[in-house]
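> Pasting in a structure now, in structure tokens, and then I'll have a few things to ask.
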Amino acid sequence: MTSYVENETDLTFSFDMKEILDKIMEKVMELEHCPYETTVNLLVTDNAGIQEYNREYRGIDRETDVLSFPNISFETAGDFGVVERDEADYFDPDSGELLLGDIILSVDRIMGQAQEYGHSILREFAFLTAHSMYHLCGYDHMTPEEAAVMEQKQEETLHQLGIGREI
């Protein structure tokens, strides 16, 4: 498992972002029964930065808390069998790891939402990271049914890691 974290801001957290990302990656991949070692990239930016990425890549000119860019076109969420058909598109030729995708988080939204929801910055960072990891695994929340599945998976991941709302 490999992760890369880049922070475009001057803000630092009281926790190690890469360490939290790695724990969440490992737990999500375990719960999703992913048979491969994976690679994920995380970019941390501010509201202006995430708005620019949102406009450029999604055509939506507004800030958001998290953007997820899956590398895999899942036919069924969490079914990693699809990658075996086009291995050259999905695996790093040097490491052999599955290139899962990219995550972009807004530090401004992390800070604001932590305060709004009454939990720690760590909890909000972890929640948004878990949320994005499930997008990278093909899950979405366009319907109430999809949203319920994603919410359950996110909460189970954080629960198993001991990252509750009280943290």
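Its first residue numbered 26, the sequence shown is counted upward by one per residue in our numbering.
Note that the Cβ used here is the ideal one computed from N, Cα and C, for glycine as well.
#1: Taking C-beta to C-beta, are valine 30 and methionine 50 nearer than 7 Å?
#2: Based on the DSSP output, what are the partners of glycine 189 in its beta bridges?
#3: Tell me the residue span of the alpha helix (DSSP H) that contains serine 157.
#4: Could you name each continuous beta strand (DSSP E) segment of 3 residues or more that falls completely within the stretch 102-149, going from the start of the chain to the end?
#5: On the DSSP bridge list, what partners appear for glutamate 31?
#6: What residues match up with threonine 63 in a beta bridge as DSSP calls it?
#7: Please report the residue range of the beta strand (DSSP E) in which leucine 92 lies.
#8: Look at the Cβ atom of aspartate 71, then the Cβ atom of valine 132, and state whether they are nearer than 7 Å.
#9: Quick test of your reading: leucine 161 and serine 93, contact by CB under 8 Å. State the CB separation rounded to the nearest angstrom.
#10: With a CB to CB cut of under 8 Å and the five nearest residues on each side skipped, what residues in its chain are close to aspartate 86?
#11: Nearest CA to the CA of isoleucine 129: which residue from Glu62, Glu181, Arg83?
#12: How is isoleucine 167 classed by DSSP in three states: helix, strand or coil?
#13: Buried or exposed: where does glutamine 179 fall if 16 or more other Cβ atoms within 10 Å of its Cβ makes it buried?
#14: Would the beta-carbon of alanine 151 fall within 7 Å of that of isoleucine 188?
#15: Are at least three pairs of beta-carbons, each pair with one atom in the stretch 161-175 and one in the stretch 96-103, less than 8 Å apart?
#16: Assuming the contact rule is C-beta atoms closer than 8 Å, methionine 158 and valine 53 should be a hit. Round their C-beta distance to whole Å, please.
#17: Between the C-alpha atoms of glutamate 88 and alanine 73, what's the straight-line distance to the nearest angstrom?
#18: In the DSSP assignment, the alpha helix (DSSP H) including serine 45 goes from what residue to what residue?
Taking the coordinates as given:
#1: Position 5 of the sequence shown, counted from the start, is the residue given in the question as residue 30. Position 25 of the sequence shown, counted from the start, is the residue given in the question as residue 50. Contact flag unset, no.
#2: Along the sequence shown, read from residue 1 onward, the residue named residue 189 stands at position 164. Answer is none; glycine 189 lacks a bridge partner.
#3: On the sequence shown, residue 157 is found 132 positions in, with the first residue counted as 1. Per DSSP, serine 157 belongs to the alpha helix (DSSP H) from 146-161.
#4: 123-131
#5: On the sequence shown, residue 31 is found 6 positions in, with the first residue counted as 1. DSSP, once it has assigned bridges, lists Leu68 as partnering glutamate 31.
#6: To locate residue 63, count along the sequence shown from 1; it is residue 38. The partner list for threonine 63 (beta bridge, DSSP) reads Leu123.
#7: Residue numbering aside, residue 92 sits at position 67 when the sequence shown is read from its first letter. Leucine 92 -> beta strand (DSSP E) spans 91-95.
#8: On the sequence shown, position 46 is the one that residue 71 refers to. On the sequence shown, position 107 is the one that residue 132 refers to. Closer than 7 Å, so yes.
#9: The residue given as residue 161 occupies position 136 in the sequence shown. The residue given as residue 93 occupies position 68 in the sequence shown. Right, their Cβ atoms sit about 6 Å apart.
#10: Here residue 86 refers to the residue found at position 61 when the sequence shown is read from its first residue. Cβ within range, chain order: Gln76, Asn79, Arg80.
#11: As a first step, residue 129 must be located in the sequence shown, where it is residue number 104. Nearest C-alpha to isoleucine 129: Arg83.
#12: Translated into the one-based positions of the sequence shown, residue 167 becomes position 142. Reading off the sequence shown, one finds methionine at residue 167, where the question assumed isoleucine. Looking at methionine 167 - three-state DSSP - the assignment turns out to be coil, as it is neither helix nor strand.
#13: Numbered from its first residue, the sequence shown carries residue 179 at position 154. By the neighbour-count rule (16 or more Cβ atoms within 10 Å), glutamine 179 is buried.
#14: Residue mapping note: residue 151 aligns to position 126 of the sequence shown, counting from 1. Residue mapping note: residue 188 aligns to position 163 of the sequence shown, counting from 1. Result yes, Cβ atoms of alanine 151 and isoleucine 188 sit closer than 7 Å.
#15: yes
#16: For the purposes of this step, residue 158 is taken as the residue at position 133 of the sequence shown. For the purposes of this step, residue 53 is taken as the residue at position 28 of the sequence shown. Going by Cβ atoms, the distance from methionine 158 to valine 53 rounds to 4 Å, so yes, they are a contact pair.
#17: Translated into the one-based positions of the sequence shown, residue 88 becomes position 63. Translated into the one-based positions of the sequence shown, residue 73 becomes position 48. Straight-line Cα distance between these residues: approximately 7 Å.
#18: As a first step, residue 45 must be located in the sequence shown, where it is residue number 20. The question names serine, but residue 45 is isoleucine in the sequence shown. Element bounds for isoleucine 45: 42-56.
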